[in-house]
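Only one structure is covered here, and it is reproduced in the block below.
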Amino acid sequence: MPKGLRDIVAALGLLIFSGLYVWATTHIPDRTIPNTPGPSFFPFVIITVVAALSVALLVKGYKDYRAENGVPFSILMPPLPCLMLGAFLIFLVALPWAGFLLSSIGFFAVLMVLYGSREPVKILLWSLALPSALYAVFTQLFQILLPTGPLGF
Amino acid sequence: MPSSLMATGAGAVIGLVVGMIPGMTISSGIIILLPLTFVLEPNVSIALLLGLYVAGMTGGSFSAILLNMPGTPSASATALEGYPLANKGQGGRALGIAISASFVGGIVSFMCLLLIAPNLAELALQFQAPDLFSLIFFGLTAICSFAAKSLVKGLLSAVLGLAIVTVGQDPVMSTERFTFGDADLLGGIHFLTALIGLFAIPQLIDNLKADAVAEAMRSDSSKFGSVLPKLADLIRVRIPTMIGSLTGTFLGILPGAGGPIAAFISYDYAKKFSKNKESFGKGEIEGVAAPESANNAVAGGALIPMMTLGIPGDPVTAILIGALLVHGLAPGPLLFIENGGFAYGIIFSYFWANIFNLVIALFAIRYLVKVLATPKVLLMPAIAVLCVVGSYALRNSFFDVYVMFFFGLVGLAMRWLDMPVVPLLLALVLGPQLEEHLRIALTASHGDISIFFTKPFSLLFLCLSIVSVIWSIWLERRHKEPEPQS
Chain A
117 MPKGLRDIVA ALGLLIFSGL YVWATTHIPD RTIPNTPGPS FFPFVIITVV
167 AALSVALLVK GYKDYRAENG VPFSILMPPL PCLMLGAFLI FLVALPWAGF
217 LLSSIGFFAV LMVLYGSREP VKILLWSLAL PSALYAVFTQ LFQILLPTGP
267 LGF
Chain B
13 MPSSLMATGA GAVIGLVVGM IPGMTISSGI IILLPLTFVL EPNVSIALLL
63 GLYVAGMTGG SFSAILLNMP GTPSASATAL EGYPLANKGQ GGRALGIAIS
113 ASFVGGIVSF MCLLLIAPNL AELALQFQAP DLFSLIFFGL TAICSFAAKS
163 LVKGLLSAVL GLAIVTVGQD PVMSTERFTF GDADLLGGIH FLTALIGLFA
213 IPQLIDNLKA DAVAEAMRSD SSKFGSVLPK LADLIRVRIP TMIGSLTGTF
263 LGILPGAGGP IAAFISYDYA KKFSKNKESF GKGEIEGVAA PESANNAVAG
313 GALIPMMTLG IPGDPVTAIL IGALLVHGLA PGPLLFIENG GFAYGIIFSY
363 FWANIFNLVI ALFAIRYLVK VLATPKVLLM PAIAVLCVVG SYALRNSFFD
413 VYVMFFFGLV GLAMRWLDMP VVPLLLALVL GPQLEEHLRI ALTASHGDIS
463 IFFTKPFSLL FLCLSIVSVI WSIWLERRHK EPEPQS
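Line by line, the protein sequences are chains A and B. Just add 116 to the spot in the first sequence (first one is 1) and you have our numbering. Just add 12 to the spot in the second sequence (first one is 1) and you have our numbering.
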């Protein structure tokens, strides 16, 4: 996507965010202490600056877009990053249910494939070994609690 | 203490390894060690992180010289002369000079840290709320000026960080803001989880490309002879090393300036003042010494505002602040008053980090570079898992893990928009203090904003902010101007 168009999309998104933020700020309870800026003071100052900078970005984006007119583009994200983010999301959803060890073994295996490994035996061995080693080091050696699953680990 | 020394040594080994692997960066190493800092003693945590920080800067030069693939952005300038030297069969010579120059840069900045920090801390004790607000404001504008190609995007990044930091309880009255009744949001967004997401996830995406490093390790330039530097070479590089050391220390003090800027500026100055200008670009050791001394000196320089004012200069010092806060220690002028022994412990841990860096790098480099042949298929998934460990271990909360992933998406979006993430990160660190000092100052002045312009230090910092903004606008315009036709 041309740089100018990206900036326009970002600026519009930020302006929508600013509107929502202002709406949420009006719901902050006020504190009636005289001569003291209340809890909504700083958010209002910040979002005013965000809105002003978003307008500046919109103008800049429009100027750049006009200069880039005719540049072909695609809005599709490359497949590998999408798969990686999808795997990460599934890992995070599974984490509270399956526990750290089981979910990270599956996640590790998927990532090894995404990073180019095509040897099933190596994938199996490393995805069992490394997460288990990390789990042991952090829970046993450093006494850091990690999520446990139905099997107790 | 022996445990601190051991931690420094361990940090140095990890730092050299992490620094030398292109695509990993020092921040990755920090993420790996982050969970440990929660459970170790504060002095041991800081020693570990400092060892990693110092050695990471040096480690970046190894792959820059041997493979023309800088391990860290700060080592990009080193590759300009280092790789041609490696191609001529002088890789060992270049590595030896890089390691020695890094050591000198680190020691010079240590001496500046030792001399300046206590005096600056004493001066900072006189600062009141308006001065502190203006100082933090200057820190943020300086970062936006240095870190961003576009000032508008740099400022947007910073104010978005300030907007995010308003989630939770306000720092003055503890009023709930933007929590929507959620108990998790009441605790706010922890900047360490945001940092992990902002830096690690885009890096994981970047490394999905083919593993060029392991392939390059099979080339002849990856082989090298003795790295112990010759006396004649050390004498030859004495001036560029000092140029780099002083430049790096000074630029390290400025928030956002960082290693890459210091390295390239030092390289330029070294070339200007060199008697061997014509050999630059073809393998000149002066061009290795200057950037390497600069990027290591930056570390010491960055510790000065971090320790005395609580202002981080880069993501690494932001994490050091986080590590201190986790242990209930607040960096700033009071650190020297209330925990003077600990404060000096940090300074001398930095000294030992440079010693360990020199010794380990010179004598173990031949074994350490073998790590470069380790395939990414193992490293990257391990880092991904460690991201989750680091985020969860902070408060034993799944919410922090989800926040980490969310900020990973934010980091990707910001990269897509060519928006720097460092201003956002520093705004997350400094935002609560900025608001607190602003509101206290306005309360004291009964709402009169002239207080910021009548206090001398406050006025000075505001003027510096304006200068940094104007300078940034001027630089941006200069880059946009077309090159004159010959």
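Each residue gets a CB set at the ideal place from its N, CA and C atoms; glycine is no exception.
>> Is the separation between the beta-carbon of residue 455 of chain B and that of residue 151 of chain A shorter than 8 Å?
In response: The sequence position of residue 455 of chain B within the second sequence is 443, counting from 1. The sequence position of residue 151 of chain A within the first sequence is 35, counting from 1. Cβ atoms of residue 455 of chain B and residue 151 of chain A: closer than 8 Å.
>> Is residue 166 of chain A close to chain B? Criterion is C-beta to C-beta, closer than 8 Å.
In response: What you label residue 166 of chain A is simply residue 50 of the first sequence in a count that begins at 1. Yes, residue 166 of chain A lies at the interface with chain B (some Cβ there is under 8 Å from its Cβ).
>> So if I threshold CB-CB distances at 8 Å, which residues from the region 169 to 188 of chain A count as touching chain B?
In response: 169, 170, 172, 173 and 176
> Is DSSP giving residue 451 of chain B helix, strand or coil here?
Replying inline: In the second sequence, residue 451 of chain B corresponds to position 439, counting from 1. In this structure, residue 451 of chain B counts as helix in the three-state DSSP scheme.
>> For residue 468 of chain B and residue 128 of chain B, I'd like the C-alpha separation in whole angstroms.
In response: For the purposes of this step, residue 468 of chain B is identified with residue 456 of the second sequence, where counting begins at 1. For the purposes of this step, residue 128 of chain B is identified with residue 116 of the second sequence, where counting begins at 1. C-alpha separation (whole angstroms): 21 Å.
> Closer than 8 Å, CB to CB, is residue 388 of chain B near chain A or not?
Replying inline: The sequence position of residue 388 of chain B within the second sequence is 376, counting from 1. Closer than 8 Å: yes.
> Within this structure, are the beta carbons of residue 146 of chain B and residue 474 of chain B separated by less than 8 Å?
Replying inline: Within the second sequence, the letter at position 134 stands for residue 146 of chain B. Within the second sequence, the letter at position 462 stands for residue 474 of chain B. Yes, these two residues count as a Cβ contact at 8 Å.
> Name the residues in the region 233 to 260 of chain B whose C-beta lies less than 9 Å from a C-beta of chain A; which are they?
Replying inline: none
> How about residue 481 of chain B and residue 169 of chain B: do their beta carbons lie closer than 8 Å?
Replying inline: Numbered from 1 along the second sequence, position 469 holds the residue referred to as residue 481 of chain B. Numbered from 1 along the second sequence, position 157 holds the residue referred to as residue 169 of chain B. No, these two residues do not count as a Cβ contact at 8 Å.
>> For residue 310 of chain B, tell me which candidate among B/42, B/141, B/125 and B/15 has the shortest Cα-Cα distance.
In response: Here residue 310 of chain B corresponds to residue number 298 of the second sequence, with the count starting at 1. Among B/42, B/141, B/125 and B/15, the Cα nearest to that of residue 310 of chain B is on B/125.
>> If you measure between the beta carbons of residue 23 of chain B and residue 59 of chain B, is that distance less than 8 Å?
In response: One-based indexing of the second sequence puts residue 23 of chain B at position 11. One-based indexing of the second sequence puts residue 59 of chain B at position 47. Yes, the pair counts as a contact, with Cβ atoms nearer than the cut-off.
>> Check whether chain B comes within 8 Å of residue 252 of chain A, counting only Cβ atoms and requiring the distance to be less than that.
In response: Here the question's residue 252 of chain A lines up with position 136 in the first sequence. Not an interface residue.
> Looking at chain A, which residues of the region 402 to 414 of chain B have a Cβ within less than 8 Å of any of its Cβ atoms?
Replying inline: 404, 405, 408, 410, 413 and 414
> Mind checking if residue 451 of chain B is an interface residue toward chain A, Cβ cutoff 8 Å exclusive?
Replying inline: Taking the first residue of the second sequence as 1, we reach residue 451 of chain B at position 439. By this cut-off, residue 451 of chain B is an interface position.
> DSSP on residue 304 of chain B, reduced to helix/strand/coil?
Replying inline: What you label residue 304 of chain B is simply residue 292 of the second sequence in a count that begins at 1. Here DSSP, grouped into helix, strand and coil, assigns residue 304 of chain B to helix.
> By how many angstroms is the C-alpha of residue 198 of chain A removed from the C-alpha of residue 273 of chain B?
Replying inline: Your numbering for residue 273 of chain B matches position 261 in the second sequence. Your numbering for residue 198 of chain A matches position 82 in the first sequence. In a straight line, the C-alpha of residue 273 of chain B is about 33 Å away from that of residue 198 of chain A.
>> Taking 7 Å as the limit between beta carbons, can you name the residues of its chain near residue 261 of chain B, skipping five residues before and five after?
In response: The residue labelled residue 261 of chain B in the question sits at position 249 within the second sequence. Hits under 7 Å: 120, 121, 124, 309, 312 and 313.
> How would you label residue 117 of chain A, buried or exposed, when you count the other beta carbons within 10 angstroms and need 16 or more for buried?
Replying inline: Reading the first sequence from its first residue, position 1 is the one you call residue 117 of chain A. That one is exposed.
> Can you list the residues of chain B that residue 100 of chain A reaches, using a CB-CB cut of under 7 Å?
Replying inline: Absent from the structure is residue 100 of chain A, since the part of chain A shown begins at 117 and ends at 269.
> Taking the DSSP output, what are the residues bridged to residue 140 of chain B?
Replying inline: Looking up residue 140 of chain B in the second sequence gives position 128. Bridge partners of residue 140 of chain B: none, in fact.
> Hey, does residue 458 of chain B have any beta-carbon neighbour from chain A nearer than 8 Å?
Replying inline: By one-based count along the second sequence, residue 458 of chain B stands at place 446. So yes, residue 458 of chain B belongs to the interface.
>> Using 8 Å as the threshold, is the C-beta distance between residue 266 of chain B and residue 353 of chain B below it?
In response: As a first step, residue 266 of chain B must be located in the second sequence, where it is residue number 254. As a first step, residue 353 of chain B must be located in the second sequence, where it is residue number 341. No.
>> Quick check on residue 293 of chain B: buried or exposed, where buried means 16 or more other Cβ atoms within 10 Å of its Cβ?
In response: Numbered from its first residue, the second sequence carries residue 293 of chain B at position 281. Exposed, because fewer than 16 other Cβ atoms sit within 10 Å of the Cβ of residue 293 of chain B.
>> Looking at chain A, is there any beta carbon in it that lies within less than 8 Å of the beta carbon of residue 178 of chain B?
In response: Residue numbering aside, residue 178 of chain B sits at position 166 when the second sequence is read from its first letter. The beta carbon of residue 178 of chain B sits closer than 8 Å to some beta carbon of chain A.
> Residue range of the alpha helix (DSSP H) that residue 52 of chain B falls in?
Replying inline: On the second sequence, position 40 is the one that residue 52 of chain B refers to. Careful: residue 52 of chain B lies outside any alpha helix (DSSP H) and carries neither H nor E.
> Which chain A residues are close to residue 276 of chain B, counting only those with a beta carbon under 8 Å from its beta carbon?
Replying inline: Position 264 of the second sequence, counted from the start, is the residue given in the question as residue 276 of chain B. Ordered by position in chain A, no residue passes the 8 Å Cβ test against residue 276 of chain B, which lies about 24 Å from the chain.
> Within the 8 Å Cβ cut-off, does residue 47 of chain B reach chain C?
Replying inline: Absent from the structure: chain C. Protein chains present are A and B.
> Going by DSSP, what residues sit across from residue 10 of chain B in a beta bridge?
Replying inline: Beyond the ends of chain B as shown, which are 13 and 498, falls residue 10 of chain B; an answer cannot be given.
>> Between the alpha carbons of residue 189 of chain B and residue 181 of chain B, how many angstroms are there, rounded?
In response: Here residue 189 of chain B corresponds to residue number 177 of the second sequence, with the count starting at 1. Here residue 181 of chain B corresponds to residue number 169 of the second sequence, with the count starting at 1. About 6 Å.
> Which first and last residues belong to the alpha helix (DSSP H) in which residue 175 of chain B is found?
Replying inline: Position 163 of the second sequence, counted from the first residue, corresponds to residue 175 of chain B. Element bounds for residue 175 of chain B: 163 to 176.
> In the region 135 to 149 of chain A, which residues sit with their C-beta less than 7 Å from some C-beta in chain B, listed in chain order?
Replying inline: 137, 140, 144, 145 and 147
> Would a check of beta-carbon distances place residue 171 of chain B closer than 8 Å to chain A?
Replying inline: Here residue 171 of chain B refers to the residue found at position 159 when the second sequence is read from its first residue. Yes, residue 171 of chain B counts as interfacial toward chain A.
> Name the chain A residues that come within less than 9 Å of residue 185 of chain B, Cβ to Cβ?
Replying inline: As a first step, residue 185 of chain B must be located in the second sequence, where it is residue number 173. Those are 147, 149, 152, 154 and 155, listed as they occur along chain A.
> Below 8 Å between beta carbons: does that hold for residue 256 of chain B and residue 183 of chain B?
Replying inline: Here residue 256 of chain B refers to the residue found at position 244 when the second sequence is read from its first residue. Here residue 183 of chain B refers to the residue found at position 171 when the second sequence is read from its first residue. In this structure, the beta-carbon distance from residue 256 of chain B to residue 183 of chain B does not fall below 8 Å.
> Since residue 259 of chain A meets chain B, which of its residues come closer than 8 Å, beta carbon to beta carbon?
Replying inline: Within the first sequence, the letter at position 143 stands for residue 259 of chain A. Result: 51.
>> For residue 13 of chain B, count the other beta carbons within 10 Å of its own beta carbon; 16 or more makes it buried, fewer makes it exposed. Which is it?
In response: By one-based count along the second sequence, residue 13 of chain B stands at place 1. It is exposed - the Cβ of residue 13 of chain B has fewer than 16 other Cβ atoms within 10 Å.
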